[in-house]
Amino acid sequence: GADISKLLSSTGLVTYDPGFANTASCASEITYIDGDAGVLRYRGYPIDQLANGSTFIETSYLLIYGELPTAQQLGEFEDKIRRHTLLHEDLKRFFDGFPRDAHPMPVLSSAVSALSTFYQDSHNPFDAEQVELSTVRLLAKLPTIAAYAYKKSVGQPFLYPDNSLGLVENFLRMTFGLPAEPYEPDPVIVRALDMLFVLHADHEQNCSTSTVRLVGSSQANLFASVSAGINALFGPLHGGANQSVLEMLESIRHSGGDVGSFVQKVKAREAGVKLMGFGHRVYKNYDPRAAIVKKTADEILTGLGKRDDLLDIALELEGVALSDDYFIERKLYPNVDFYTGLLYRAMGFPTKMFTVLFAIGRLPGWIAQWHEMINDPQTKIGRPRQLYTGPGEREFVPVGKR
Ligand code: ACO
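The number in full-length UniProt numbering is simply the position in the sequence shown, starting from 1, with 27 added.
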């Protein structure tokens, strides 16, 4: 109800930009997005080239250190990560404290926050060696933590990492493997998951990344900053959307598969129903990541023998939305999460794990952005202004007289 323009004219030079839709909070060399053209590049390399030709570890190196590694640099980086995949035995006990049906995202953020207590030798954000150690520890341990969050939820024993395996194979084995039973991850799943991690690896100043930078701007360490980012990613308007999309597709199927009437409900804004997996703050065109996932979804689902009617519902829903004026006028297109849930499900992950997979993918972006923030001489502690709309001065009345 407040008259914002009146407030603004009385506050001096303050911009009012809810959701920071038009405010650049930093300069960055990491990721380029042209939302109108549907372009995404990491350090100058187009996302489709990286998705098809690179790997998650190589892309992580590119994002964090700025250049593609040589074969030797890549080998050394992979080796370093391999040697840090174990969790401290005391950290493993944390998982016992959570309820068995706990959502794995807050379990993940709690465990990452706890890394600050186990590695107090790496709290100085200006010591390059300490930061490098935290970087490697995080990249190595997040998949282990994620797999244990899953194991806890299904009541199965934890598996130690097997350091003869690559990051994705190791993660799949710790998630789906059982003690004393050989586990051979399906190479189709390994390649697809690796590619999905590449697609999620950075996306400039989204909600979770801005959170990592904001927390880091107070000079909080990398573990504390990333833990905050994981909590930001948990929300259904951000990383939580991949879970919501699948729940939406399942509820459409449950009610007889009537896509048209669901779209009508969205347009009528019934009880806050949104078309989950659609729309983006920056993309006003097809999300290039969604285009890649859509292209591979059919092929991978068919390859795994998991092609089902949910993909048909998704394809129909996209078709109906993209030919409807409501969505055309608002430039609402599928975002990366519209099709990813179908793939995660076909790989055997329960819905609750989808956002965790996003977090594993986004980690190198958070780390790269934190590095850039801490080394940028322009960085100041993040501290937005406000427009005060509360009461004017009034006299305190003791409780007995109220
Ligand atoms: N379904 C229906 N209508 C939508 C949707 C949607 N998914 N998204 C936006 N709109 C409408 C809004 O109601 C608004 O209409 P109006 O101008 O008539 O009021 C208009 O489109 C503009 O939308 P905003 O909410 O202003 O856009 P904003 O940039 O603030 O939000 C967001 C972007 C949060 C992604 C939004 O599109 C959304 O909620 N989408 C669904 C959730 C989702 O998929 N999130 C994942 C984002 S990508 C990621 O994190 C990987």
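Where a beta carbon is used, it is the ideal one built from N, C-alpha and C, also for glycine.
Beta-carbon separation of Leu-90 and Ala-395 under 9 Å?
Stepping through the sequence shown from its first residue, residue 90 is reached at position 63. Stepping through the sequence shown from its first residue, residue 395 is reached at position 368. For Leu-90 and Ala-395, yes; Cβs fall inside 9 Å.
State the beta-bridge partners of Arg-68 as determined by DSSP.
By 1-based counting over the sequence shown, the position of residue 68 is 41. According to DSSP, Arg-68 bridges with Tyr-59, Pro-73.
What does DSSP give as the partner residues of Pro-361 in its beta bridges?
Your numbering for residue 361 matches position 334 in the sequence shown. Pro-361 pairs with Phe-305.
With hydrogens ignored, establish whether the beta-carbon of Phe-224 is closer than 8 Å to any heavy atom of ligand 1.
By one-based count along the sequence shown, residue 224 stands at place 197. No - ligand 1 has no heavy atom lying nearer than 8 Å to the Cβ of Phe-224.
Contained beta strand (DSSP E) runs [length at least 3] in the region 93-137, N- to C-terminal order
Segments of the beta strand (DSSP E) lying fully in the region 93-137: there are none.
Please tell me whether, using a cut-off of 8 Å, the distance from the CB of Arg-110 to the nearest non-hydrogen atom of ligand 1 is below it.
In the sequence shown, residue 110 corresponds to position 83, counting from 1. Arg-110: no, Cβ never under 8 Å from ligand 1.
Cα-Cα separation, Ala-318 to Gly-39:
Along the sequence shown, one-based indexing puts residue 318 at 291. Along the sequence shown, one-based indexing puts residue 39 at 12. Their backbone Cα atoms lie some 45 Å apart in a straight line.
Curious, which full-length alpha helix (DSSP H) runs of at least 4 residues does the region 183-268 contain?
194-203, 214-227, 234-243, 249-261
Is there at least one Cβ from chain D nearer than 9 Å to His-150's Cβ?
Among the chains in the structure shown there is no chain D, since it carries only a single protein chain.
Under a Cβ-count criterion, where at least 16 other Cβ atoms within 10 Å of its own Cβ denotes burial, should Arg-70 be classed as buried or exposed?
Residue numbering aside, residue 70 sits at position 43 when the sequence shown is read from its first letter. Arg-70 should be labelled buried.
Tell me whether the beta-carbon of Val-290 lies closer than 9 Å to the beta-carbon of Lys-301.
Looking up residue 290 in the sequence shown gives position 263. Looking up residue 301 in the sequence shown gives position 274. It is not a contact, given that the beta carbons lie outside the stated cut-off.
Taking all protein chains shown into account, do 16 or more other C-beta atoms lie within 10 angstroms of the C-beta of Ile-355, making it buried, or fewer, making it exposed?
Here residue 355 corresponds to residue number 328 of the sequence shown, with the count starting at 1. Sixteen is the threshold: since fewer than 16 other Cβ atoms of the shown chains lie within 10 Å of the Cβ of Ile-355, the residue is exposed.
Spatial distance of Met-132 from Ser-288 (CA atoms):
As a working mapping, residue 132 is identified with position 105 in the sequence shown. As a working mapping, residue 288 is identified with position 261 in the sequence shown. Each residue's Cα considered, the two are about 33 Å apart.
Taking the alpha-carbon of Phe-381 as reference, which of Pro-391, Trp-393, Gly-392, Thr-367 has the nearest alpha-carbon?
Within the sequence shown, residue 381 is the residue found at index 354, counting from 1. Among Pro-391, Trp-393, Gly-392, Thr-367, the Cα nearest to that of Phe-381 belongs to Thr-367.
Under 8 Å from any heavy atom of ligand 1, does the C-beta of Met-303 make it?
Residue mapping note: residue 303 aligns to position 276 of the sequence shown, counting from 1. Yes.
Rounded C-alpha distance that separates Glu-231 from Arg-421:
Reading the sequence shown from its first residue, position 204 is the one you call residue 231. Reading the sequence shown from its first residue, position 394 is the one you call residue 421. Cα-Cα distance, rounded: 44 Å.
Is it right to say Arg-372 is buried, meaning 16 or more other beta carbons lie within 10 angstroms of its own, or is it exposed?
Position 345 of the sequence shown, counted from the first residue, corresponds to residue 372. Arg-372 comes out buried.
I'd like to know whether the C-beta atoms of Gly-330 and Asp-229 end up nearer to each other than 9 Å.
In the sequence shown, counting from the first residue as 1, residue 330 sits at position 303. In the sequence shown, counting from the first residue as 1, residue 229 sits at position 202. Cβ atoms of Gly-330 and Asp-229: not closer than 9 Å.
Close Cβ partners of Gln-246 (< 6 Å) along its chain, the five nearest in sequence each way excluded:
Taking the sequence shown and counting its residues from 1, one reaches residue 246 at position 219. So the list reads Pro-152, once near-sequence residues are dropped.
Within 10 angstroms of its Cβ, does Arg-316 collect 16 or more other Cβ (buried), or is it exposed?
Working through the sequence shown from its first residue, we reach residue 316 at position 289. It is buried - the Cβ of Arg-316 has at least 16 other Cβ atoms within 10 Å.
Confirm the yes/no value for this check: CB of Ala-318, any heavy atom of ligand 1, distance under 8 Å.
Position 291 of the sequence shown, counted from the first residue, corresponds to residue 318. No, since every heavy atom of ligand 1 falls outside the 8 Å radius drawn around the Cβ of Ala-318.
Using 8 Å for Cβ pairs, my map puts Val-163 next to Lys-107. What's the rounded Cβ distance?
On the sequence shown, residue 163 is found 136 positions in, with the first residue counted as 1. On the sequence shown, residue 107 is found 80 positions in, with the first residue counted as 1. Indeed they touch by this definition, with Cβ atoms about 5 Å apart.
In whole angstroms, what is the alpha-carbon distance linking Phe-83 and Leu-226?
Residue mapping note: residue 83 aligns to position 56 of the sequence shown, counting from 1. Residue mapping note: residue 226 aligns to position 199 of the sequence shown, counting from 1. Whole-angstrom Cα-Cα distance: 9 Å.
Are Ser-136 and Ser-254 closer than 9 Å when you measure CB to CB?
Reading the sequence shown from its first residue, position 109 is the one you call residue 136. Reading the sequence shown from its first residue, position 227 is the one you call residue 254. In this structure, Ser-136 places its C-beta atom within 9 Å of the C-beta atom of Ser-254.
Whose C-alpha, out of Gln-147, Val-139, Ala-48, Ala-298, is nearest the C-alpha of Thr-171?
As a working note, residue 171 is residue 144 in the sequence shown. Here the closest residue by C-alpha is Val-139.
Rounded to a whole number of angstroms, what is the C-alpha to C-alpha distance between Gly-427 and Asp-117?
Position 400 of the sequence shown holds residue 427. Position 90 of the sequence shown holds residue 117. If I take the Cα positions, the gap works out to 51 Å.
Tell me whether Arg-308 counts as near ligand 1, meaning its Cβ is closer than 8 Å to at least one heavy atom of that ligand.
Position 281 of the sequence shown, counted from the first residue, corresponds to residue 308. For ligand 1, at least one heavy atom lies less than 8 Å from the Cβ of Arg-308.
How should Ala-207 be labelled, buried or exposed, when 16 other C-beta atoms within 10 angstroms of its C-beta is the threshold for buried?
Here residue 207 is taken as the residue at index 180 of the sequence shown, counted from 1. Classification for Ala-207: exposed.
Could you give the C-beta distance for Ser-161 and Leu-249, rounded to a whole number, given that I count them as a contact under 8 Å?
Within the sequence shown, numbered from 1, the residue matching residue 161 stands at position 134. Within the sequence shown, numbered from 1, the residue matching residue 249 stands at position 222. The pair is a contact, with the Cβ atoms about 4 Å apart (cut-off 8 Å).
From Val-66 to Tyr-72, what distance separates their C-alpha atoms?
Stepping through the sequence shown from its first residue, residue 66 is reached at position 39. Stepping through the sequence shown from its first residue, residue 72 is reached at position 45. Cα-Cα distance, rounded: 11 Å.
Separation of Ser-149 from Glu-103, as counted between CA atoms:
Numbered from 1 along the sequence shown, position 76 holds the residue referred to as residue 103. Numbered from 1 along the sequence shown, position 122 holds the residue referred to as residue 149. Using only the alpha carbons, I get a separation of about 21 Å.
Out of Leu-260, Asn-233, Pro-377, Gly-93, which has the shortest C-alpha to C-alpha gap to Asp-128?
Residue mapping note: residue 128 aligns to position 101 of the sequence shown, counting from 1. Out of Leu-260, Asn-233, Pro-377, Gly-93, Pro-377 has the C-alpha closest to the C-alpha of Asp-128.
Would you mind stating whether Asp-63 and Lys-311 have Cβ atoms separated by less than 9 Å?
Here the question's residue 63 lines up with position 36 in the sequence shown. Here the question's residue 311 lines up with position 284 in the sequence shown. Yes, they are a contact pair.
Whole angstroms is fine: what's the gap from Asp-154's alpha carbon to Ser-55's?
Position 127 of the sequence shown holds residue 154. Position 28 of the sequence shown holds residue 55. If you take the alpha carbons of Asp-154 and Ser-55, they lie about 21 Å apart.
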